[in-house]
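Chemist: So the protein sequences, as listed, match chains A and B. Sequential numbering of the first sequence, starting at 1, is according to this note's numbering. Sequential numbering of the second sequence, starting at 1, is according to this note's numbering.
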Amino acid sequence: MNEPDIRLAVIKALRKIAPEANLDQIPSDENLREALDIDSFDFLNLLIGLHEELNVEIPESDYGKLRTLADLVSYLSDRLK
Amino acid sequence: MPSLGADMEEGTLIEWSVKPGDRVKRGDIIGVVRTEKADIEVEVYHDGVVDQLLAKAGETLPVGAVIAVIREEGEAVQATPSVPAPIPPTARLRVSPLARRMAQELGVDLGHVQGTGPQAEITKDDVERAAAALKKAPAEKPAAPDVRTGMRRAIAAAMARSNREIPHYYLETKIDLQRTLKFLEAENQKRSVKDRLLSVVVLIKAVAQALHDVPELNAYWVDDQLQLKEAVHIGFAISLRQGGLVVPAILDADRKSLDELMQALRDLITRARSGRLRSSEITDATVTITNLGDLGVETVHGVIYPPQVALVGFGRIIESPWAENGMLGIRPVVSATLAGDHRATDGHRGAQFLTALNQHLQEPEKL
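#1: When Cβ atoms are compared, which residues of the segment 49 to 63 of chain A fall closer than 7 Å to chain B?
#2: B/K194 CB to nearest chain A CB: under 7 Å?
#3: Check whether the Cβ atoms of B/L226 and B/A237 lie closer than 7 Å to each other.
#4: Please list the partners that A/S74 has in chain B, where partner means a Cβ-to-Cβ separation under 9 Å.
#5: Indicate the three-state DSSP secondary structure (helix, strand or coil) for A/S40 in the structure shown.
#6: Pick helix, strand or coil for B/Q370, following the three-state DSSP scheme.
#7: Going by C-alpha to C-alpha distance, which of B/R331, B/V18, B/A131 and B/K124 sits closest to B/I175?
#8: List the residues that DSSP assigns as beta-bridge partners of B/P321.
#9: Would you say A/D29 faces chain B, with C-beta separation under 7 Å as the test?
#10: Any chance you could list the alpha helix (DSSP H) runs of at least 4 consecutive residues sitting entirely within the segment 1 to 58 of chain A, in chain order?
#11: For B/G48 versus B/R71, is the C-beta distance shorter than 7 Å?
#12: Name the chain B residues whose beta carbon is nearer than 7 Å to that of A/D39?
#13: Anything in the segment 261 to 272 of chain B with a Cβ closer than 7 Å to a Cβ of chain A? List those residues in chain order, please.
#14: What residue range does the alpha helix (DSSP H) around B/G350 cover?
#15: Which chain A residues are close to B/L198, counting only those with a beta carbon under 7 Å from its beta carbon?
#16: Classify B/G302 as buried or exposed, calling it buried when 16 or more other Cβ atoms lie within 10 Å of its own Cβ.
#17: Beta-carbon of A/L47 versus every beta-carbon of chain B: anything under 7 Å?
#18: Go through its chain and collect everything with a Cβ distance to B/H348's Cβ below 7 Å, but skip five positions before and after it.
#19: Using 8 Å as the threshold, is the segment 296 to 315 of chain B in touch with the segment 264 to 271 of chain B, meaning 3 or more CB pairs across them?
#20: Quick check on the DSSP output: the alpha helix (DSSP H) that includes A/D78 runs from which residue to which?
#21: Measure the alpha-carbon distance for B/R23 versus B/I250 and round it to whole angstroms.
#22: Quick one: what does DSSP say B/H168 is sitting in, helix, strand or coil?
#23: Counting only beta-carbon separations shorter than 7 Å, does B/N325 have a partner in chain A?
#24: What would DSSP say about B/E15, mapped onto helix, strand or coil?
#25: Compute the Euclidean distance between the alpha carbons of B/L110 and B/A157, then round it to the nearest angstrom.
#26: Considering only the alpha carbon of each residue, which of A/S74, A/L69, A/L76 and A/L80 lies closest to A/P27?
#27: For A/A9, decide whether its Cβ has a neighbour in chain B, counting only Cβ atoms nearer than 7 Å.
#28: Between which residues of its own chain and B/A339 is the CB-CB distance below 6 Å, once the five residues before and five after are set aside?
#29: Please identify the residue among B/T12, B/D125 and B/P248 whose C-alpha is closest to the C-alpha of B/A57.
#30: Helix, strand or coil: which one does DSSP assign to B/T283?
#31: Determine the extent of the alpha helix (DSSP H) in which B/Q52 is found, giving its start and end residues.
#32: So B/S335 and B/E298 are in contact, right, with Cβ under 8 Å, and what is the actual spacing, rounded?
#33: Leaving out five residues before and five after B/L367 in sequence, what residues of the same chain have Cβ atoms less than 7 Å from its Cβ?
#34: Per DSSP, B/Y220 forms a beta bridge with which residues?
#35: Cα separation between B/Q362 and B/S192?
#36: How big is the Cα-Cα spacing for A/M1 and A/K12?
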């Protein structure tokens, strides 16, 4: 899976937890928790959505690496290689 | 019309989900009532047979009005109780939850929208028309934010009552969460992502256990008397994405395992955010927890929801210097606060509660 496809999958998972947000306009380097008002419950749901979409289990120890859209896309690209 | 919170004065019947002659049992949903905060599924509290449905869909009635008659099996059919006249639609701004969300998104001031729904309720179509009109003729100055939404009014009423009636006292303690988080980390390593536990679940369970140690905080203050509550129903403050918050209860939190609590919390948050809460969840909380740690807040000084007598607040978990047994280290530390009703308890019992909370969090494997 290439990076644009992964980005689409992330946007799809984000849309489920922040349906009111204009996700196409979120800068790749913006902190997602702050930009979308995501709490820890939403974040867990995001990870569940990504697991369902991409079949990737993200360990708790990696949560800190996943602050922005760019972080997520890059992390998932590495895991899906 | 059931009272679905200390702030509720009236409600609008949206629909019945039963009909006369239907058998119902305790816990069944019999209809949906719209409050200023949300649409709530109304449960029945006794087994029986639906005798009469007195309120009609779209009617707004004061709290306490008889909206239906449910008789026990074998009981004689009752005479029709009188129903108060519906409240005139001009008294308050009526807005459907969807229309309210749309108005916020589209920047429409609901105070200037003419409602065309039942009892002049402002509907989605009304908001769309107003938004289109705004586009055609932009206002000379930006529209003032809509501060009259039902949600804010309801919160304002409850909080004003609390501040007016309850002499609050506040206590705070710092709790070392190293053992708790290590326990959680080990538990979550064994689990798939969809079964993982959030740290707040452990905090909720520890509060529930500590309330067994200091039961005076799991209580109501009614008619100048403290009424202890046997069941521990923990109200959990949930912020809504469209603004405002609701505080539904996790029922019997003390009797649930951590996995059951996580499941209950997930279910509650999902339904709160999609407007599908049940009446017992809105009315039955015996104590409230508010957790603002996700937002970076260090310490929470909350306002008690009457008739409850306590609110427990948690802030962000912060790595802090921590001295123990003469050794200085870095530990994950959370600030736990208790807002107590001084009519019901004093600082001494409040302090014992926070001590008990700390002790339970030091033995997470027993939770």
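Beta carbons: idealized from backbone N, C-alpha and C, even for Gly.
Modeler: Put simply:
#1: Going along the segment 49 to 63 of chain A in chain order, one finds H51, E57, I58 and E60 with a Cβ nearer than 7 Å to chain B.
#2: Sequence index remark: in the second sequence, residue 194 of chain B carries index 194 (1-based). Yes, B/K194 counts as interfacial toward chain A.
#3: As a working note, residue 226 of chain B is residue 226 in the second sequence. As a working note, residue 237 of chain B is residue 237 in the second sequence. Contact: no.
#4: Sequence index remark: in the first sequence, residue 74 of chain A carries index 74 (1-based). Correct list: empty, because the minimum Cβ distance to chain B is about 19 Å.
#5: As a position in the first sequence, residue 40 of chain A is number 40, starting the count at 1. It is helical.
#6: Within the shown structure, residues of chain B are numbered from 1 to 367, placing residue 370 of chain B beyond reach of any answer.
#7: If you number the second sequence from 1, residue 175 of chain B lands on position 175. When each option's Cα is compared against that of B/I175, the closest is B/R331.
#8: As a position in the second sequence, residue 321 of chain B is number 321, starting the count at 1. Note: B/P321 sits in a beta bridge opposite B/I330.
#9: As a first step, residue 29 of chain A is located in the first sequence; it is residue number 29 there, counting from the start. Output row for A/D29: interface = no.
#10: Counting whole runs of 4 or more residues, the segment 1 to 58 of chain A contains the alpha helix (DSSP H) stretches 3 to 17, 32 to 36 and 40 to 54.
#11: Here residue 48 of chain B corresponds to residue number 48 of the second sequence, with the count starting at 1. Here residue 71 of chain B corresponds to residue number 71 of the second sequence, with the count starting at 1. Yes, they are a contact pair.
#12: Stepping through the first sequence from its first residue, residue 39 of chain A is reached at position 39. Chain B residues near A/D39: D294.
#13: Against chain A - using a Cβ distance shorter than 7 Å - the residues of the segment 261 to 272 of chain B are I269.
#14: Counting from 1 along the second sequence, the entry for residue 350 of chain B is found at position 350. From DSSP, the alpha helix (DSSP H) with B/G350 extends over G347 to Q362.
#15: In the second sequence, counting from the first residue as 1, residue 198 of chain B sits at position 198. Chain-ordered, the chain A residues with CB closer than 7 Å to the CB of B/L198 read S40, F41 and L44.
#16: Sequence index remark: in the second sequence, residue 302 of chain B carries index 302 (1-based). The residue is buried, with at least 16 neighbouring Cβ atoms inside 10 Å.
#17: Taking the first residue of the first sequence as position 1, residue 47 of chain A is located at position 47. Put simply, the CB of A/L47 is near chain B, with a gap under 7 Å to one of its CB atoms.
#18: As a working mapping, residue 348 of chain B is identified with position 348 in the second sequence. Cβ within range, chain order: n/a, list empty.
#19: Verdict: no, contact absent.
#20: Translated into the one-based positions of the first sequence, residue 78 of chain A becomes position 78. Residue range L69 to R79 is occupied by the alpha helix (DSSP H) that includes A/D78.
#21: On the second sequence, position 23 is the one that residue 23 of chain B refers to. On the second sequence, position 250 is the one that residue 250 of chain B refers to. In a straight line, the C-alpha of B/R23 is about 27 Å away from that of B/I250.
#22: Working through the second sequence from its first residue, we reach residue 168 of chain B at position 168. Here B/H168 sits in strand by DSSP.
#23: Position 325 of the second sequence, counted from the start, is the residue given in the question as residue 325 of chain B. With respect to chain A, the C-beta atom of B/N325 has no partner C-beta closer than 7 Å.
#24: Position 15 of the second sequence holds residue 15 of chain B. Residue state, collapsed to three classes: strand.
#25: The residue given as residue 110 of chain B occupies position 110 in the second sequence. The residue given as residue 157 of chain B occupies position 157 in the second sequence. Between B/L110 and B/A157, the C-alpha separation is close to 20 Å.
#26: Residue mapping note: residue 27 of chain A aligns to position 27 of the first sequence, counting from 1. A/P27 has its Cα closest to that of A/L69, out of A/S74, A/L69, A/L76 and A/L80.
#27: Locating residue 9 of chain A in the first sequence gives position 9, where the first residue counts as 1. Judged by the 7 Å Cβ criterion, A/A9 is not in contact with chain B.
#28: Numbered from 1 along the second sequence, position 339 holds the residue referred to as residue 339 of chain B. Here the set comprises H168, Y170, G302, I304 and L311.
#29: Here residue 57 of chain B is taken as the residue at index 57 of the second sequence, counted from 1. Cα-wise, what sits closest to B/A57 is B/T12.
#30: One-based indexing of the second sequence puts residue 283 of chain B at position 283. Of the three classes helix, strand and coil, the one that applies to B/T283 here is helix, per DSSP.
#31: Against the second sequence, residue 52 of chain B aligns to sequence position 52. In this chain, B/Q52 is not harboured by any alpha helix (DSSP H); it is covered by the beta strand (DSSP E) spanning G48 to L53.
#32: Walking along the second sequence from the start, residue 335 of chain B turns up at place 335. Walking along the second sequence from the start, residue 298 of chain B turns up at place 298. Sure, about 6 Å apart at Cβ, within 8 Å.
#33: Here the question's residue 367 of chain B lines up with position 367 in the second sequence. Here B/L367 has V202, K205, A206, Q209, L258 and H360 as same chain residues with Cβ atoms under 7 Å from its own Cβ, once five neighbours each way along the sequence are excluded.
#34: In the second sequence, the residue the question calls residue 220 of chain B occupies position 220. According to DSSP, B/Y220 bridges with B/Q227 and B/Q308.
#35: Position 362 of the second sequence, counted from the start, is the residue given in the question as residue 362 of chain B. Position 192 of the second sequence, counted from the start, is the residue given in the question as residue 192 of chain B. Cα-Cα distance, rounded: 25 Å.
#36: Here the question's residue 1 of chain A lines up with position 1 in the first sequence. Here the question's residue 12 of chain A lines up with position 12 in the first sequence. If you draw a straight line from the Cα of A/M1 to the Cα of A/K12, it is about 15 Å long.
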